[in-house]
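Chains as they are written, first to last, in our numbering: chain A, 275 to 452; chain B, 50 to 777.
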């Protein structure tokens, strides 16, 4: 199957040999065709993952953007393996090793701002997890997300909304409860 | 220069070298049995005498006829009969990735050891170590709270103990096996202060995954502990409260007529099984427990357990002790489970209430839920668990809506699901924690307690006439949705449950709904919902508060698992699970803080329609104490929905209790005599948690005193039981 990018390049090469008005008309046609091909390509084999952060309690001291990773390995499996391999590690050491190990399964990186969104673009079909690649400060909590997302053959985009309810880990240091 | 290099490398080697292993294991046999025997560990001669005793004749006969390699090996050990050891050798030449099989191979190796040649010992020990590597690949959950971890731990521990001295890899297993043993022991709560129990799931004898997975988790654990002790590495059973309490967990979790065991959490075998008998058998022998013996004879007599287990661990000398002298209800603290019944008779009413922390997979988003049984299931938690992660499991079985909980609907809430169901449906319920990064140890649980401290039982008093329990479960919900949910459950034995629910949402715009599931068709008219059973009296639920609540009946055939316009029906039900149920949704008018008060009549089986029980609100409280009457004024009840004031209950046959604990620097003191003087005089001795309980008291002035000391507390019993009358 011909790729959209190849189509654009070929049309551009034709464009280089034409005269003024036809050139403009051709250019418009080429752009439309390129966009159309790109859309076709995305619909049939790749999609976007739109990540939004909804966290009213986000701490002021948290940096303006939250670093994200898209990984193709189940973080719960990775976390278990890290624990097997780092038998005597503390919780923080485990987390550090967890993020480092996940980086080995990284598909791409990004960052989401407090009120904005981030889009992982042109992701091939498959199962992924959106990871916040460091704990996020919110109030007196540190939160970690490992949110699953699946891109199907026909998906153009999937949305992942990170909330307190779907955090994968919440850390703090409260007192004894019983 | 070369000398310097030599010195440096020698120092580095010394620094990197593993510590010298300080343990020495005894000769074979060392698993469950030793040559001489000592204390609770039987010796070979002792077992030979046992084989000749008539009370063990049945087990011994089964052992002799067994084809299981480890049982053949035990017969060889006791009789010297080598005729069938070829079967043992054949088994030991193989490997397994199943830990129960590895245990059997380890036992066979250990018990047949004296018949094996030196090359055979090395070869078979190597196979055991190979099996350990297979186990490590199969059971990859390193979580002290989860049965999978116990599974691998048991297999590796047994193989290590068996192969020690014959394969060098065994010594390499010691550090991780010891570490996981320590992690397991510290979640049990043994020898801990009562104010240091956070994250200790085993406090009280329970298992966080519920009764079915306890058959794996705790049963694997005690097998390893028995072998650990016989190998001379330490006794973690004798004197442990956990294993004593395990008897209570099983006894109180068994239905009054033995037809079920509590099916809460993931459980597709909610009835007594051979695993339970195995556990009770070893506890009968270990602790000389007449209660365990009574339970086996009453509920598990027909269930068969392995012959070697019965032969080694049962004790026919132990006399049955029925539970009649025990309180009828009990709190299993670590998991937050109140197990209540109206009597020890087979026709008793049984109620469970669960409000505890979240520890591990197989738990449900259902803190604050309850169920009721009286001759048959009346209030249930429908759904089918079959071990698969499906839409039914993620969107129904583990969710609050499939339990008797409170839902608070924030339509924008998103939940965390597995890779196969990445966007779970929104039921308005509690957070799903099954696919979070779960804590592996007590330390991790404590580091994550903000998330895992989902519920706790803050009050529990029991009396022969009634039980009262309070649970706080806001921690199970998103803090952006629920600020408080305080549920108080008053069980007036055997007929009534009164529920008080004080719910504070983060917004008045989040609708709050109380859910009750029944196996029978339901109807609702006005503020009353009732079942339409095939025969006998209906269950009636009276919605007394809030005023203006809307009752809606949902569920039924083809619609049981439907909500939000979607049907989450899964596989067909099996093993007493409920594939069809009805539910009544009691939805409150929009308010930030809402009080639900619900009275539920639990009908006696077979009783006719004569005399329709009634519940009536006397005083709505205006934010304070709520008063109601039941059965036309027979019972009067007061409840403060905020749980700031004690409940009140009066009526014919109602008595009260006084309970507390005797502590020394926060540690429970067992065996302390405690006296009650006043309107009635009683004496009791504190249990393994330093607790005492005086029941069946009438109202009046009392003094509780520690016998032989001057320590005393004066109390006045009015219209409620008193808990926490403590001495420290």
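Glycine included, C-beta positions come from ideal geometry on N, C-alpha and C.
Going by C-alpha positions, residue 316 of chain B is about 24 Å away from residue 346 of chain B. Shown in chain order are the members of the segment 489–519 of chain B whose Cβ falls below 8 Å from a Cβ of chain A: 489, 492, 493, 496, 497, 498, 499, 500, 502 and 505. Secondary structure note for residue 599 of chain B: it is in no alpha helix (DSSP H), and the uninterrupted beta strand (DSSP E) holding it is 599–604. Residues of the segment 175–190 of chain B whose Cβ lies closer than 9 Å to any Cβ of chain A, in chain order: 185, 189 and 190.
Residues of the segment 358–382 of chain A whose Cβ lies closer than 7 Å to any Cβ of chain B, in chain order: 358, 361 and 365. Uninterrupted alpha helix (DSSP H) stretches at least 4 residues long and entirely within the segment 477–531 of chain B occur at 491–496 and 498–501, given in chain order. Between residue 120 of chain B and residue 357 of chain B, the C-beta gap is smaller than 8 Å, which places the two residues in contact. Taking C-beta separations shorter than 6 Å and ignoring five residues to either side along the sequence, the partners of residue 762 of chain B in its chain run 753 and 774, following chain order. The beta carbons of residue 594 of chain B and residue 675 of chain B sit closer together than 8 Å. In this structure, residue 322 of chain B lies away from residue 296 of chain B, with their beta-carbon atoms at least 8 Å apart. Here the alpha carbons of residue 284 of chain B and residue 277 of chain B stand approximately 7 Å from one another. The residue from B:81, B:421, B:413 and B:128 with its alpha-carbon nearest to that of residue 100 of chain B is B:128. Within the segment 524–547 of chain B, contact with chain A at the beta-carbon level (separation under 7 Å) is assigned to 527, 528 and 529. The closest CA to that of residue 554 of chain B, considering only B:370, B:532, B:758 and B:195, is found on B:532. Taking 7 Å as the cut-off between beta carbons, the residues of the segment 429–449 of chain A near chain B are 435, 437, 438, 439, 440, 442, 443, 444, 445, 446 and 448, in sequence order. Using a Cβ-Cβ cut-off of 8 Å, residue 422 of chain A counts as an interface residue toward chain B, since at least one Cβ of chain B sits closer than that to its own. Along the segment 393–406 of chain A, going in chain order, the ones with a CB nearer than 7 Å to a CB of chain B are 401. Straight through space, the alpha carbons of residue 287 of chain B and residue 204 of chain B are spaced by roughly 22 Å. Taking all protein chains shown into account, residue 542 of chain B has 16 or more neighbouring C-beta atoms within 10 Å of its C-beta and is therefore buried.
A distance below 7 Å between beta-carbons, with the five flanking residues on each side excluded, links residue 634 of chain B to the following residues of its chain, in chain order: 562, 564, 601 and 603.
For residue 107 of chain B, the three-state secondary structure derived from DSSP is helix. Chain-ordered, the chain B residues with CB closer than 9 Å to the CB of residue 330 of chain A read 529. With fewer than 16 neighbouring CB atoms inside 10 Å of its own CB, residue 114 of chain B falls in the exposed class.
For residue 447 of chain B, the closest Cβ of chain A is not nearer than 8 Å.
Residue nearest to residue 599 of chain B within the set B:219, B:393, B:576 and B:331 is B:576 (criterion: CA-CA distance). Nearest C-alpha to residue 174 of chain B among B:537, B:145 and B:188: B:145. Of B:504, B:525 and B:484, the smallest CA-CA separation from residue 403 of chain A is found for B:484.
Per the DSSP secondary-structure output, residue 564 of chain B pairs in a beta bridge with B:634. For chain A, the residues of the segment 463–482 of chain B that bring a beta carbon within less than 7 Å of one of its beta carbons are 463, 464, 465, 466, 467, 468, 471 and 480, in chain order. In this structure residue 335 of chain B does not touch residue 732 of chain B by the C-beta definition: roughly 29 Å separates them, more than the 8 Å allowed. In the structure shown, residue 202 of chain B adopts helical secondary structure according to DSSP, grouped into three states. Secondary structure note for residue 183 of chain B: its alpha helix (DSSP H) is the uninterrupted segment 167–187. The criterion of a C-beta distance shorter than 8 Å is satisfied by residue 401 of chain B and residue 311 of chain B. It is roughly 7 Å from the alpha-carbon of residue 619 of chain B to the alpha-carbon of residue 433 of chain B.
In summary, the residues of the segment 213–242 of chain B whose CB is separated from some CB of chain A by less than 8 Å are 224, 225 and 228, in the order they occur in the chain.
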